[in-house]
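Below: one structure, written as structure tokens.
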Amino acid sequence: MTREEHLKFCKICNNQKFDSQKGIICGLRNSIADFEDTCESFDENTQLKEKLLAKNSENELSNQTASQGTRFANYLLDRIFILIISFFLGFILTLLLTIISPNSAGYFEQMGKLEEFVWGFIIGMFYYSFFEALTGRSIAKFITGTKVVDENGNKPTFDAILLRSLCRYIPFNAFSFLGSDAVGWHDSFSKTRVIKVK
């Protein structure tokens, strides 16, 4: 067996010991492992095994994380789709209001900034929450080949998606994913990540 194959056992063994020269060694023999198929003194440490699995999972997820450019493309495309949806919903609601109450026909033209923000907030929350809870992907993520997962690479819970959607409205959140790890505030707070789909 190679050193790397030995370390798969040694890293999760209760008998391991660290040597500054050699790295992980067997604490019983004070030397690096040299067994062929199995180690007679192997004593599995479940906590070490869980930590190692979690670290490997985190590294794998980190390698799949969508780039800053892809995240920015997602942001721009999603904004466009939200504007299109807002336009069509506004058009339909204007028609309905005109039919129901002709006096309120110009309601949407007279909206103030606060009402516009509330309208945009409701549509944005619905857009992200609906698509990401249902499929793990907004329309933009379908186009860029990315999806939302939790920190373990699984489908996020609806609560996580709702929190993620809500956090998008934190001021300057749109620029928070431009850091070196391409993880935004809405990712961090909701314990989610955006990864490339294979």
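Going by this note's numbering, the sequence shown wraps up at 201, each residue one higher than the last. Ideal Cβ placement from N, Cα and C applies to all residues, glycine included. Just so it is clear, the structure is predicted and the values come from calculations on it, not from any experiment.
Any non-hydrogen atom of the ligand ZN closer than 7 Å to residue i Cβ
i	result
residue 116	Because no ligand of any kind appears in the structure shown, any question about the ligand ZN cannot be addressed here.
For residue j and residue i, the rounded distance between their alpha carbons
i	j	result
residue 175	residue 145	24 Å
residue 76	residue 153	21 Å
residue 137	residue 53	30 Å
residue 14	residue 122	54 Å
residue 28	residue 170	46 Å
residue 39	residue 45	13 Å
residue 16	residue 192	35 Å
residue 89	residue 131	13 Å
residue 197	residue 159	11 Å
residue 120	residue 87	16 Å
residue 43	residue 22	21 Å
Burial state of residue i, where buried means 16 or more other Cβ atoms lie within 10 Å
i	result
residue 41	exposed
residue 83	exposed
residue 19	buried
residue 134	buried
residue 125	exposed
residue 139	buried
residue 161	exposed
residue 164	buried
Per-residue DSSP class, three states only, for residue i
i	result
residue 196	strand
residue 42	coil
residue 34	strand
residue 68	strand
residue 160	coil
residue 114	coil
CB contact below 8 Å: residue i versus chain B
i	result
residue 197	Absent here is chain B; the protein component of the structure consists of one chain.
Close-in-space but distant-in-sequence residues of the same chain around residue i (CB under 6 Å, 5 per side omitted)
i	result
residue 142	84
residue 74	180, 185
In DSSP terms, what residue i is bridged to
i	result
residue 26	22
residue 152	196
residue 97	Paired residues: none, contrary to the question.
residue 47	16
Residues of its chain near residue i, where Cβ-Cβ distance is below 7 Å and the 5 sequence neighbours each way are ignored
i	result
residue 199	67, 69, 148, 149
residue 173	188
residue 166	192, 193
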